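Quick note on our numbering: the sequence shown kicks off at 7 and runs consecutively.
Glycine included, every Cβ here is placed at the ideal spot set by N, Cα and C.
Everything numeric in this text was worked out from a predicted model, so none of it was measured.
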Amino acid sequence: MSLRYQYPAYMARPEEKYRGTSGSILAPVGTRVGVGLAANKPLSSARLFWGGKEAGLWLVQDDHASGELLVKGSGRYGFRLKDTDQFASPRLQEFPIQAIPDRTPEVQVTSPAGDRELVADGSLPLEGTARDDYGVDKARLWYRVERGKREATLPLASGGRQLRNLEIGARWNLGSLQLKPGDMVRYRVEALDYDTITGPHVGKSPEYGVRILDRGEMERRLNEQRDQLQRQLEQLTASRRRRGRRWSRRGRRASRRVPPRRSSSSGLWGSRRRRWPSA
């Protein structure tokens, strides 16, 4: 048997051909598979079956039959042959079809890693990644202002038909949203693929929030954080100084406990009595 795979155009994959004794098909959804088979004698007809039910006739030429299948889902297909003497094959010959679905893109926001508080005209740096099994088309920012339930999207990055990993980096300026203190903005990053068969699929990151603060309140909180960091730094410095003094005192005590060394030459000289030459 021979199999010819024509993949969906959005995948940008070249046509592939296989020859063998098996007609098993493993292909992405939307793939057109041309099937060719050869019999041991001239044929008069070849009937296609899908899931055990007749689905049409295949083209017959001498001892060859051929047809085409569109992979929509997993199942089984088969055929029943009849030769020119009007003898039909005793049983249905079937083969499995395993359809590979196009997966939804995976999206991850790496920064910021949680909810934030900003002033109305502040900005938020966004970083993340989008991954797809065939290619990421684009990434966008979805947001909703809870007051008034306003929703919109903003473009973040463009991908490519064979770009499976898309890096996302942008700065979101909130000034144009005309926000007020107390407003809550929910947002997420979304990525779309190129699937024109069952898609496009939209992958979504977890949702995060931005709460809008009054500028005076924001400055007060920043001052509190700065004071807290200053106190922690002072405590750390004082702790290091105390440890340094303790090590210094231990060093002095250890030096006083060490006995003085005796000179070996003086000991030897003192152990002998001096004698002067005599006549």
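In the assembly as shown, L98 is an exposed residue. Its beta-carbon has fewer than 16 other beta-carbons within 10 Å. Setting aside the 5 residues that flank it on each side, L162 is surrounded in the same chain by A145, R146, L147, I174, A176, each with a C-beta closer than 6 Å to its C-beta; the list follows chain order.
Less than 8 Å divides the Cβ of S30 from the Cβ of F101. Going by C-alpha positions, A44 is about 36 Å away from D139. R246 and W178 have their C-alpha atoms roughly 42 Å apart. The DSSP assignment places complete beta strand (DSSP E) segments of no fewer than 3 residues inside the region 19-57 at 22-25, 31-34, 38-44, 49-56, in order along the chain. L9 is the residue among T27, L9, P212 whose C-alpha sits nearest the C-alpha of L76. Within the same chain, and ignoring the five residues on either side of P187 in sequence, the residues whose Cβ sits closer than 8 Å to its Cβ are A126, I218, L219, D220, E223. For S8, the enclosing beta strand (DSSP E) begins and ends at 8-12. Here the region 108-115 lies against the region 208-215, with 3 or more beta-carbon pairs under 8 Å apart. The beta carbons of L54 and G62 sit about 5 Å from each other, so the pair counts as a contact at 8 Å. Taking C-beta atoms under 8 Å as the contact rule, P107 and V35 qualify, at a distance of about 6 Å.
Excluding residues up to 5 positions away in sequence, I103, Q104, A105 lie with their Cβ nearer than 7 Å to the Cβ of S80 in the same chain.
Its chain contains D139 as the residues whose beta carbon lies nearer than 6 Å to that of R109, once the 5 sequence neighbours on both sides are disregarded; these appear in chain order.
Excluding its 5 nearest sequence neighbours in each direction, G205 has C-beta neighbours in its own chain below 7 Å: D108, D199, listed in chain order. Around the C-beta of G58, fewer than 16 other C-beta atoms lie within 10 Å, and the residue is accordingly described as exposed. Residue state for Y200 is assigned as coil, using DSSP reduced to three classes.
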